[in-house]
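Inspection log for the structure reproduced underneath, given as structure tokens.
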Amino acid sequence: MWKMTFWRYLRYSIPYWRLILASIGCGVLKFSLALGLPASLSFVTKYVVVDDLSATEKIVRLFIILGLLTAALAVRTPITYWRSYWASRACSLTIFDIRMDVFRHVQRLSLAFHNRRRKGNLTARIISDLNDAQGLLGEGVINVAMDSIFLCATALFLLFLDAQLAVVSLFTLPLYGIVYYRMNPKLRHAASQVQKEMEEMAGEVTEKLGAIQVVKAFVREEAEAERFRDRQRRYFDRVIARIRLRTTLTSIAEFLQSFGPLVVICFGGYHAIQDTAYLPKLILFYGFIQHLYLPTRRLADCSAVIQEKLAAVDRVFELLDAEPDIQDRPGAPALPTIEGRLVFDKVTFGYQPGNPVLRDISFAIEPGQAVAIVGRSGAGKTTLVNLVPRFYDTWSGAVFVDGHDIRNVSVKSLRSRIGMVLQDTILFAGSIRENILYGRPGATDEEMRRAARMAHVDEFVEAMPMGYDTPIGERGVTLSGGQKQRISIARAFLCDPRILILDEATSNLDSRAESIIQDALKTLMRGRTTLVIAHRLSTVVDCDFVVVLDDGRLIELGPHEALIRNDSLYRRLCEEQFGHVRLDTFTGAIA
Ligand SMILES: Nc1ncnc2c1ncn2[C@@H]1O[C@H](COP(=O)(O)OP(=O)(O)OP(=O)(O)O)[C@@H](O)[C@H]1O
Ligand SMILES: [Mg+2]
Numbered sequence: 119m120w121k122m123t124f125w126r127y128l129r130y131s132i133p134y135w136r137l138i139l140a141s142i143g144c145g146v147l148k149f150s151l152a153l154g155l156p157a158s159l160s161f162v163t164k165y166v167v168v169d170d171l172s173a174t175e176k177i178v179r180l181f182i183i184l185g186l187l188t189a190a191l192a193v194r195t196p197i198t199y200w201r202s203y204w205a206s207r208a209c210s211l212t213i214f215d216i217r218m219d220v221f222r223h224v225q226r227l228s229l230a231f232h233n234r235r236r237k238g239n240l241t242a243r244i245i246s247d248l249n250d251a252q253g254l255l256g257e258g259v260i261n262v263a264m265d266s267i268f269l270c271a272t273a274l275f276l277l278f279l280d281a282q283l284a285v286v287s288l289f290t291l292p293l294y295g296i297v298y299y300r301m302n303p304k305l306r307h308a309a310s311q312v313q314k315e316m317e318e319m320a321g322e323v324t325e326k327l328g329a330i331q332v333v334k335a336f337v338r339e340e341a342e343a344e345r346f347r348d349r350q351r352r353y354f355d356r357v358i359a360r361i362r363l364r365t366t367l368t369s370i371a372e373f374l375q376s377f378g379p380l381v382v383i384c385f386g387g388y389h390a391i392q393d394t395a396y397l398p399k400l401i402l403f404y405g406f407i408q409h410l411y412l413p414t415r416r417l418a419d420c421s422a423v424i425q426e427k428l429a430a431v432d433r434v435f436e437l438l439d440a441e442p443d444i445q446d447r448p449g450a451p452a453l454p455t456i457e458g459r460l461v462f463d464k465v466t467f468g469y470q471p472g473n474p475v476l477r478d479i480s481f482a483i484e485p486g487q488a489v490a491i492v493g494r495s496g497a498g499k500t501t502l503v504n505l506v507p508r509f510y511d512t513w514s515g516a517v518f519v520d521g522h523d524i525r526n527v528s529v530k531s532l533r534s535r536i537g538m539v540l541q542d543t544i545l546f547a548g549s550i551r552e553n554i555l556y557g558r559p560g561a562t563d564e565e566m567r568r569a570a571r572m573a574h575v576d577e578f579v580e581a582m583p584m585g586y587d588t589p590i591g592e593r594g595v596t597l598s599g600g601q602k603q604r605i606s607i608a609r610a611f612l613c614d615p616r617i618l619i620l621d622e623a624t625s626n627l628d629s630r631a632e633s634i635i636q637d638a639l640k641t642l643m644r645g646r647t648t649l650v651i652a653h654r655l656s657t658v659v660d661c662d663f664v665v666v667l668d669d670g671r672l673i674e675l676g677p678h679e680a681l682i683r684n685d686s687l688y689r690r691l692c693e694e695q696f697g698h699v700r701l702d703t704f705t706g707a708i709a
């Protein structure tokens with residue numbers, strides 16, 4: 119299972135194989151050049167000190183060796199730079215591509231999926247889990263390749279130079295690796311325990327300080343301090359446990375790290391006594407093995423690190439594997455130009471199996487007609503209109519646009535014919551212009567201004583010093599509720615949809631603001647097939663007919679004047695919802 123995740127992740131990094139290879143090559147070179155120092159010392163002993171040479175010749179030789187060493191150390195700096203740069207670039211590009219795919223995919227997932235998930239969790243996966251995963255290529259592939267190549271090459275070289283001394287000097291390395299291999303998972307576990315306790319402690323502090331007024335009012339300060347002591351105690355214990363583990367590990371590692379060279383000195387020293395020519399080799403081995411500990415430690419730790427990173431990658435790929443519920447049928451054609459005839463045919467739908475929210479709803483709207491949908495809270499009004507852009511698919515029955523079952527045409531073409539002005543105006547951080555253009559990014563400035571004029575946006579924008587370039591802050595925080603609604607109406611104007619869905623805002627605007635918005639909406643509705651979830655009597659009266667929903671059923675259907683006359687549910691609803699208005703002023707018939 120984890121292998122599949124690993125390969126899948128690696129597939130994303132294939133386009134960057136050149137960077138990866140270059141980084142591995144530079145890494146091996148960087149480590150090898152570091153060996154220059156012990157190598158020079160060994161050369162000095164062999165070719166300068168030991169040989170029976172004249173003083174001048176010795177100095178020349180010394181300078182040659184020093185020159186080579188300086189060159190090696192000088193080259194090492196840019197190589198170190200490029201190795202890190204290329205490795206980081208490959209890792210970041212890989213994550214860039216995965217993150218793009220995930221974002222695109224998550225946008226395609228249906229509303230049903232998004233309603234089930236907490237936004238914070240999705241954000242965490244797309245942002246922090248992927249950041250965690252970044253190390254998988256760096257530590258899991260590049261470092262492993264680099265360390266293995268370097269270790270094998272160096273070991274082979276030493277074996278070739280003196281097999282006996284090589285075996286003796288390398289024998290602590292596996293021990294060292296085993297210690298790290300065994301201890302690191304424990305250390306990681308201990309670190310996560312500390313993290314967990316810290317989260318708890320932070321949660322407790324935030325909660326209690328957030329409710330400080332309650333704590334004070336009930337004189338609970340002392341009791342809270344005692345509680346906090348327990349909490350801190352647990353945190354403290356975890357920290358100490360981690361410190362003990364860490365200190366044990368470093369002590370053992372340090373012992374082995376100094377024990378290795380000690381063995382070399384003992385064994386090599388014994389030989390050097392008998393033959394001084396052995397000394398340069400001894401120095402070389404002594405110096406080399408010091409450089410082998412870091413790669414050994416990293417290799418011993420790599421499987422745990424990879425497992426940890428893979429867990430993060432798994433969570434990300436799980437998102438990529440979620441199938442969008444709403445998909446185009448294979449080869450589904452685009453919806454041709456439409457007039458806007460909308461038909462609900464025996465539509466039944468619910469969010470949870472066995473619990474239908476809409477039952478057997480049938481009605482038709484002719485092109486250009488406006489229909490008011492009325493019903494108590496929870497009757498299913500929003501649910502009904504959400505079926506038109508195919509945010510959800512019906513359980514049974516179908517929705518037709520100009521005779522096309524909406525499931526048989528491409529979702530994109532369907533939605534591009536539909537405009538929505540929702541109850542909660544949703545704007546994005548950016549300028550007013552950008553927010554209006556969201557409806558049709560390719561529109562000209564003239565078209566944008568025309569839409570703004572129709573929606574009465576120009577009236578308040580012109581008073582702003584920056585005009586349409588005024589930034590409106592996240593979700594439009596710098597605008598009033600009415601202004602935001604007008605921008606969202608302008609946005610709908612600009613995309614010029616054949617079918618319009620309005621969820622009238624319930625927020626109480628003053629009567630002037632309200633009448634401006636009413637006017638803007640009326641202009642917008644002209645000539646378009648409109649479904650409006652009405653919260654105002656004046657809207658209902660303006661519509662061609664009214665659909666009355668009760669507990670997911672279509673109870674009444676007809677023009678306002680006809681429905682209001684009887685002792686209908688509609689009449690009762692009107693009295694409940696618009697009680698403050700004299701209904702007869704809107705009918706003229708009831709005297
Ligand atoms: N995403 C959802 N998941 C599960 N159930 C839902 C979901 N949305 C709505 N419902 C349920 O479906 C029923 C109809 O909800 P809907 O939002 O369509 O009502 P409404 O008529 O628009 O009400 P209101 O006037 O309050 O906006 C309600 O019982 C609601 O609890
Ligand atoms: Mg609703």
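Those letters in the sequence shown? Residues 119 to 709, per this note's numbering, in order. Glycine included, every Cβ here is placed at the ideal spot set by N, Cα and C. Keep in mind it's a predicted model, so treat the numbers as computed, not measured.
Endpoints, beta strand (DSSP E) assigned at residue i
i, result
"M582", "It is not in any beta strand (DSSP E) - M582 carries neither H nor E in the DSSP assignment."
"E674", "671-676"
"T648", "647-651"
"Y469", "460-470"
With 16 other Cβ atoms within 10 Å as the buried cut-off, status of residue i
i, result
"W135", "exposed"
"I216", "buried"
"A395", "exposed"
"A343", "exposed"
"Q603", "buried"
"P413", "buried"
"T455", "exposed"
"I358", "exposed"
"T365", "exposed"
"I708", "With a pLDDT of 37 at I708, under the threshold of 50, the modelled position of this residue cannot be trusted, and the question is left open."
"C270", "exposed"
"M122", "exposed"
"D419", "buried"
"A205", "buried"
"N302", "buried"
Residue i versus residue j: straight-line alpha-carbon distance, rounded
i, j, result
"A450", "N239", "34 Å"
"F663", "P589", "40 Å"
"L672", "D478", "8 Å"
"R349", "E339", "15 Å"
"G706", "I682", "Residue confidence for G706 is low, a pLDDT of 41 falling below 50, so the modelled location carries little weight and cannot support an answer."
"K304", "P398", "41 Å"
"E315", "I244", "25 Å"
"P442", "K530", "14 Å"
"R235", "P196", "47 Å"
"L620", "R533", "15 Å"
"I182", "F373", "37 Å"
"E457", "D520", "7 Å"
"V285", "L211", "42 Å"
"A652", "Q541", "10 Å"
"I483", "S549", "37 Å"
Start and end residues, alpha helix (DSSP H) containing residue i
i, result
"Y388", "339-392"
"N526", "No alpha helix (DSSP H) contains N526, which DSSP labels as neither H nor E."
"G328", "290-328"
"L620", "From DSSP, L620 is part of no alpha helix (DSSP H) but of the beta strand (DSSP E) over 617-621."
"Q68", "In this structure the chain extends from 119 to 709, so residue 68 is not present and cannot be described."
"S421", "411-439"
"N233", "229-234"
"G720", "Here the chain comprises residues numbered 119 to 709, so residue 720 is not present and cannot be evaluated."
"I536", "No alpha helix (DSSP H) contains I536, which is instead part of the beta strand (DSSP E) from 536-539."
"N261", "261-279"
For residue j and residue i, believed in contact at Cβ under 8 Å, the rounded distance
i, j, result
"V193", "L151", "6 Å"
"S246", "I401", "48 Å between Cβ atoms; not a contact."
"V423", "G258", "7 Å"
"I330", "S141", "Actually they do not touch by this definition, with Cβ atoms about 52 Å apart."
task = Tell me, please, whether the stretch 491-507 touches the stretch 571-585 by the rule of three or more beta-carbon pairs shorter than 8 Å.
result = The stretch 491-507, when compared against the stretch 571-585, does not touch it at the 8 Å Cβ threshold.
message = Tell me whether the stretch 633-647 and the stretch 550-558 touch, counting them as touching only if at least three CB pairs, one residue from each stretch, are closer than 8 Å.
response = Verdict: no, contact absent.
query = Should the stretch 564-571 be called in touch with the stretch 610-619, which here means at least 3 C-beta pairs below 8 Å?
reply = In short, these stretches touch, since the Cβ pair count reaches three.
task = Could you tell me whether the stretch 400-420 touches the stretch 202-221, using the rule of 3 or more Cβ pairs below 8 Å?
result = Touching, no.
ask   = Pairing CB atoms from the stretch 646-658 with CB atoms from the stretch 478-495, are three or more of them under 8 Å?
value = Three or more Cβ pairs closer than 8 Å define a contact, and the stretch 646-658 meets that threshold against the stretch 478-495.
request  = Give a yes or no on contact between the stretch 377-396 and the stretch 285-302, applying the rule of three or more CB pairs nearer than 8 Å.
outcome  = The stretch 377-396, when compared against the stretch 285-302, does touch it at the 8 Å Cβ threshold.
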